[in-house]
Structures are given as C-alpha cells and as structure tokens.
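Please read the structure below before turning to the comments.
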Amino acid sequence: MGNPFKIILSTIATLVLLLIAAACILPFVIDPNDFKPEIAAAVKDKTGRDLILDGELKLSLFPWIGISTGKMELSNAPGFEDPAFATLEQSNVKVRLLPLLSKKIEVNRIVLKGLVLNLAKNEQGIGNWDDLSGSGKIPPAPTGDIGKQDEQPIPTVALATFAIGGMAIENARINWNDRQTGKHIEITDLNLNADKFTFDKPAGLAVSLIAVDSQSQITQAVKLNTELSVNQQLDIFALRGTDLQVTTSGESVPGKALTTALTVADIALDLTKQTAKISGLQLQSGDVTLLAELTGTAIKDKPSFQGPVSIAAFSPAKVMQQLAIALPARQDANALSKLAINFDLTATAESADLQNLLLSLDDTQVNGSVGIQDFALPAIVFDLHTDALDLDRYLPPADKASKPIANPAIVLAVGANALPVETLRKLNAAGTVSMGKLKANGLLMQDIHLKLNAKNGIINTQQSVNRFYRGSYSGNLTMNTHDDKPTLAVNEKIDHVQLEPLLKDYLGEARMSGIVNASTQLQGQGNKTNELKSSLNGRLSFLVKDSVIKGFNLQQIIDSGKALIKGSALPTDPKNDQTLFSDMSGTATITNGIIQNNDLVAKSSKLQVDGKGSVNLNSEALDYKIDAKLLNADATAGEPEQIKGAAAIHIAGTFSKPSYSIDIASLLTDKNKAKIDKLINKIDKKLGPGVGDLLKNFLKRESR
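Numbering-wise (the working numbering), the sequence shown opens with residue 50 and increments by one.
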C-alpha cells in the first residue's frame, strides 16, 4: 500500500488541476446568453416582474468567477405609470475563485453604470417596491416526530475573510413620485465611489448627487466624503473625516444659493453596547457655526444624546441680510451685532434639555436652563437670569411726545397678542426670568422677576420690580385664549414711586413730581392693542404725596380771571408756573377704555380742589372739570376753612398737550352777580329774550 499522505496530496492536486482546467475551458464551452430565457423566467417566478436582458452577458470563471452585463430592464409593478422599475446600462461583478476554498470571499470592484430607479407611491400609499420585499418563498414547517439529530442547531460557517475591491455607481438617476402627498423629487448625477473594503479596515467613500424638488423648485447639490469601517459581525461602525456639503439653490432661497457644511472628525457606533460617540462635529451655514461633542446611549431602545454644544459668535444683523430678511427698525444701529450661545445638551426622541446655558447678545448676558419635555405637545420649562438688557436698542424709534401710557402687564399682554391665538392656546410653559437691570420705553427697572405658567389655553404671569424709581412695582396677569378674542385680567400696584424721574425718562420731560401709590384691577378682550384698550373695564385708585404740577399755576389762573372782571392788568409770574399739592387722591372706574373719575381731591396750604372727569385711553383725550378754592387759612377744630376765592376750571386736550379754560362767572362775587342779573333782565326787556344768554356765555373766558 502506498503512503496515505502522498495519496491525499495527489488527490487534492488533481482536484485543483481539474478546477483550474474547468475554469479555463467552461467560458469557451458555456455561453451565458443561452440562459437568458431561464434567467428571465426565474425572475418572473420569484418577483412577478419581467426582466429584459438586451445586452450581452459575459461569464468568467478563473481567476475570477464573475459576470458582466449590458443593458437590462426590470418592469414596474402593475398600476404605476413608469414602464420600468429599474434600468441598467452596464454592470460588472467578480469573485476570486481559489480563496473560496478557504472560506474567503474576495470581490473585485463592483461597477454599475447608468442605473435608473423609478420609485413611486400611489394614492393609497402603496409603493411599487412593496411586492418585492416579501418575494422569497418560505418553506413549510416540518411535521411529525423530529429526531434528536434534528434538534441540534445547524452549524454556521464563519467567513475567514470578506473583501471588496471597491464599488462604483456612475451617472445614476432616481425618480421619487408620491401621488399621496404630491411630492416629486428627481435625483440626478448620482455617483458613488468606494475604495477596497475589508472588515475592520477603513475604506474611503465618496458620494455626489443633485436633487430637484419640482414642487418647491429647490435644487440641492450634495457631496459626501468619509472613511467607513465595519467589523465582521456588522455591529460596530466607524466613520472618520466625514465632510458633507449641501448647496441649496432656487428663487425662494435667500441670495439664490446657500451652502451648508457638516464636518465630523470621528463617529463611533456600537450596536451591541448601544452606544455612539460623535467627536469634532462642526456645522456651518453662512456666518453661523455650530460645534458639538456628543455621546449616545441606548441608541436602539431609547436613544439619548448628551454633550456640550456651542454656537460661535456671529452677527444676527449680517445673517439676516444674507438671508434676505428685512432688518427691523432699531434705535441703535449697532444692535444685533453679536450673538453667541453655549449649553450642555441632553436630547431624546421626545425631549431636549439645555443646561448651563450661556447666551451673549451684544452687551447682555443670559444664563440658566431651558427644556422641552414633549415634542408632540411641547412642554417648555425655563429658568433664566439676565444681567442687564437695554430693550430700547432693539425697538423702533419712538416719539416721546406721543408715547401711550402702558403698564408692564399691558405690555406683556400686547406682546402675547402679537402671537396667533392658536399658538397661545397650545402654549405649555412654566418658568421664571430674573433681570438685574432693564430699560424699556425709556424706563429704568432693577431687580426684576417674572414667573410664567401657561397650560390648556390659560396664561398666568406674576411680575415684580423691586427697585422702580425709589419705589416698587408688582402685578399679575391672567389671559384666557379659549375664545376667538383672548380675554385678560390684570392686577397691579406701585408703592412710593417718584414721579419726576419716571416721567422724565419716559417722556423726556416731567410736568409733575411727587410720590405716588396706585393700584389697578382691569379686564379686557381683543387681538390688537387698540381692541384691548377699547375693551378695558375695571377700577383704579391713587394717592400722590407732595406733588408739584408744572406749567399749571392754579392760583394764577384764578387771579387772571379776577383781573379780567376788574379790568386790571393780568398777573404774570413765569418763575412760579406751577401748583403744589400736599395730597392728591381719587378713584376711578374704567368702562370700554374710558376712565371716569368723580372724586378727585387735592389739597395744599392755600388751595383745595375737587374734580371729576374722564380720560380716553385710546385717543388720550382729557375732559376734566375741577372746582378750586383759595384759602386764607386752614380749617381748625373750631373754625372752618376761610375761603378767599373760588373758580371752576375745565381741562381738555391730551396727556402730552393739555389745555385749561376758566369759567369767569364762577369768580364773580354775590354783589357783582346781583348787578349783572339786573342788567341782563333790563336787556331782555328792551332788546328781547335771548340776548342776556349771550352775555352769560361771554362771561366764560378761556385761558390756555
């Protein structure tokens, strides 16, 4: 008997020689084009589609087992417009023969040229690929007794090596047509180039394409370059040096074109541990650059990403110009010149949480936290602190002479009403905002606190200013958005506020000074500022101590009226064009935006004033009448006030331009009134009735 080892070697050598001989001979003996009908029939049996092989099939067996094709076409599913589901001009796929004997798969470069893929959905949302996804036949389950040998698991054969020499897709086109949504996208010039691929080793990948949305007439040019590596178990992926650029163009795109670039140094994905790590992420669009370092956990079950995110400093004004967005009118042309944001992000599929938030807007610093707890029904929570904000820098230039009177709560309400009612109804937010300093409409405020709670269409705010012109302000607002026109209720109070500096900052001049305490309770309804003011109802009360009203000398007005009666010279004292009151108080009701006051009382050592009238909040028109009395001495326990003179005065005009007129008849003494009555009676007898009334009206003289 011969040596068994030699026999085995001889047998293997013989088999290898036979395989090599077959690989060299078969391509000349077997013509794959003869099997086109069988190939088409097999495809028809498996998919129900027609496969048309127009091009020549070429077969190779050694040293590569492979096939190259010419033009081929796969028919579309029934009921779809395009006759072809896919067409291909040319393809080439080869696998090295000898490594297969040692469980090694080495694929030569795969090339697909001229691929056209027509993807579509009909009106019912059915895709023309749905029938292909379940085309494989499932073998029937075994019945009867199963032997012990059948209970053993079928052993799997692990590949020793899997390598692809590269892949190229050249000049491909994909058409996407969704009849259900009317969306039509055409992807052209699709090119893919992948380097040689081996497990656990990086392979270069480059993709480029052009996508056109016929509905929006937007074109996007996409370029991607990266290095991809995958382990043999296909559960660990890594990307290095990823560079994605997207250029969007179209008539509706600001500047007709906008380029966005995304670069990532490293992306590591581990499906077994359900972790991901993204390092060196940079997203840039125009002058805006976002930087991030993110870590992901439970990426298959409940993905969550955490890490620092920052937006580098940029000019919002410049970006708005680049995006063709009209810049708002601002009092300061340098406003909106710098914005930078930093925060620690925790994000899931349902929520986002921004901690350690630091926002810099020009000279203002904001820090705190913001969270969105539910994207489906956004629940926003926030806690923010601002050092100092000059809001006037960002507001349009205002005419101080025509500034409307507005309290902080009304300003909040008007700001909220600028949003659509439907947005307000859906608002679900709770949080606090505090400010060190705030300037708004010229008013200076310090140590400000705002608390907001909005849910189910009801918005509640509580606001306070602990340092407000040497006094304080507090208030709360409730807005109900369930009706078409939101309704609101306001309660406010100010304590020991200095009027003179407040009016000087607000209007540029102060015609009144003193220390004021006041409170208001208001209700209103409307979508616009004018509607809101016109619908206001409620009440207010006020008390002003040690007040001085400039440009209004009540005693001089009375003295001027007396001088007119006597025919003497009018008194003038420009240095003392003011009226002093030790106390001024009153209450008022507000009905449909009209303030009605019937109990004005003002006192000083020489004057006592009682008044009543109305103020229109929309037109700011004044209609006020006061009765003024000049006193010789204050009242005592035993004696009443000694009245030196009295006058009735009418105040009209507006807040910014008031006018004063005096009823001269009210200045006449009883003796003079008796003489005038006798004179009027004589005139009526001689000239006829009615002439005396003209004389009475003449006695009412206006002084401005």
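Glycine included, C-beta positions come from ideal geometry on N, C-alpha and C.
Where residue i falls: helix, strand or coil (DSSP)
| i | result |
| --- | --- |
| Asn82 | helix |
| Thr60 | The pLDDT assigned to Thr60 is 47, lower than 50, so where the model puts this residue is not dependable, and the model offers no usable value. |
| Thr415 | According to the sequence as given, residue 415 is Val; it is not Thr. The answer is strand: DSSP assigns Val415 an E or B state. |
| Ala90 | helix |
| Thr312 | strand |
| Asp595 | strand |
| Asp336 | coil |
| Arg379 | coil |
| Asp350 | coil |
| Val165 | strand |
| Pro445 | coil |
| Gln103 | The residue you asked about is not Gln; residue 103 is Asp in the sequence shown. Note: Asp103 maps to coil in three-state DSSP. |
| Ser400 | coil |
| Gly635 | strand |
| Gln282 | coil |
| Thr395 | strand |
| Gly97 | coil |
| Ser301 | coil |
| Ala366 | helix |
| Asn405 | strand |
| Ala389 | strand |
| Val740 | Unreliable positioning characterises Val740 in this predicted model, as indicated by a pLDDT of 45, which lies under 50. The coordinate reading is nonetheless provided below. If DSSP states are grouped into helix, strand and coil, Val740 belongs with the helices. |
| Gln264 | coil |
| Lys170 | strand |
| Asn177 | coil |
| Gln371 | helix |
| Leu320 | coil |
| Leu473 | helix |
| Ser583 | helix |
| Ser483 | strand |
| Val539 | strand |
| Glu342 | strand |
| Ser328 | strand |
| Ala696 | strand |
Rounded distance between the beta-carbons of residue j and residue i, thought under 8 Å
| i | j | result |
| --- | --- | --- |
| Gly520 | Asn540 | That belief does not hold up - the Cβ atoms of Gly520 and Asn540 are roughly 17 Å apart, past 8 Å. |
| Lys486 | Ala437 | 4 Å |
| Leu656 | Leu679 | 7 Å |
| Val658 | Ala677 | 5 Å |
| Phe248 | Gln281 | 4 Å |
| Ala159 | Met121 | Reading off the sequence shown, one finds Ile at residue 159, where the question assumed Ala. That pair is no contact at about 15 Å. |
| Ile316 | Thr291 | 7 Å |
| Ser140 | Ser124 | Not a contact, Cβ separation roughly 18 Å. |
| Leu283 | Leu254 | About 16 Å; that fails the 8 Å criterion. |
| Ile564 | Val593 | 7 Å |
| Thr397 | Lys367 | 34 Å between Cβ atoms; not a contact. |
| Val482 | Leu433 | 5 Å |
| Phe591 | Ala567 | 4 Å |
| Ser257 | Asp238 | 7 Å |
Residue-level contact to chain C via CB, residue i, 8 Å cutoff
| i | result |
| --- | --- |
| Glu87 | No chain C is present in this structure, which holds just one protein chain. |
Bridge partner(s) assigned by DSSP for residue i
| i | result |
| --- | --- |
| Ala133 | Ser124 |
| Gln657 | Lys652 and Lys678 |
| Tyr555 | According to DSSP, which records beta bridges pairwise, Tyr555 is partnered with nothing at all. |
| Asn274 | Ala255 and Asp292 |
| Ile564 | Gln547 and Lys594 |
| Gln645 | Thr638 and Ser663 |
| Ala478 | Ile429 and Ala503 |
| Arg588 | Gln570 and Thr638 |
| Gly575 | None; Gly575 has no bridge partner. |
| Phe630 | Ser596 |
| Gly119 | Answer is none; Gly119 lacks a bridge partner. |
| Gly702 | Pro707 |
| Gly356 | Leu394 |
| Asp672 | Ser663 |
| Asn141 | Ser117 and Val160 |
Residue i CB to nearest heavy atom of the ligand GTP below 7 Å
| i | result |
| --- | --- |
| Ala378 | The ligand GTP is not part of this structure, which contains no ligands at all. |
For a minimum of 3 consecutive residues, which ranges assigned as the beta strand (DSSP E) are wholly contained in the stretch 494 to 533?
507 to 517 and 520 to 529
Given 8 Å as the limit, is there contact between the stretch 165 to 180 and the stretch 214 to 226, that is, 3 or more CB pairs closer than that?
yes
To test your reading of the DSSP string, which unbroken alpha helix (DSSP H) runs of 4 or more residues are found completely within the stretch 216 to 246?
none
Taking contact to mean at least 3 C-beta pairs separated by less than 8 Å, is the stretch 298 to 308 in contact with the stretch 271 to 281?
no
Hey, is the stretch 357 to 366 in contact with the stretch 383 to 400, meaning 3+ C-beta pairs nearer than 8 Å?
yes
Threshold first: 4 residues or longer. Then list the alpha helix (DSSP H) segments lying entirely within the stretch 420 to 445, N to C.
none
With a threshold of 8 Å, are at least 3 pairs of Cβ atoms found where one atom belongs to the stretch 167 to 181 and the other to the stretch 228 to 241?
yes
Do the stretch 523 to 538 and the stretch 570 to 586 meet, that is, are 3 or more Cβ pairs less than 8 Å apart?
yes
Three or more C-beta pairs under 8 Å: does that hold for the stretch 373 to 381 against the stretch 325 to 342?
no
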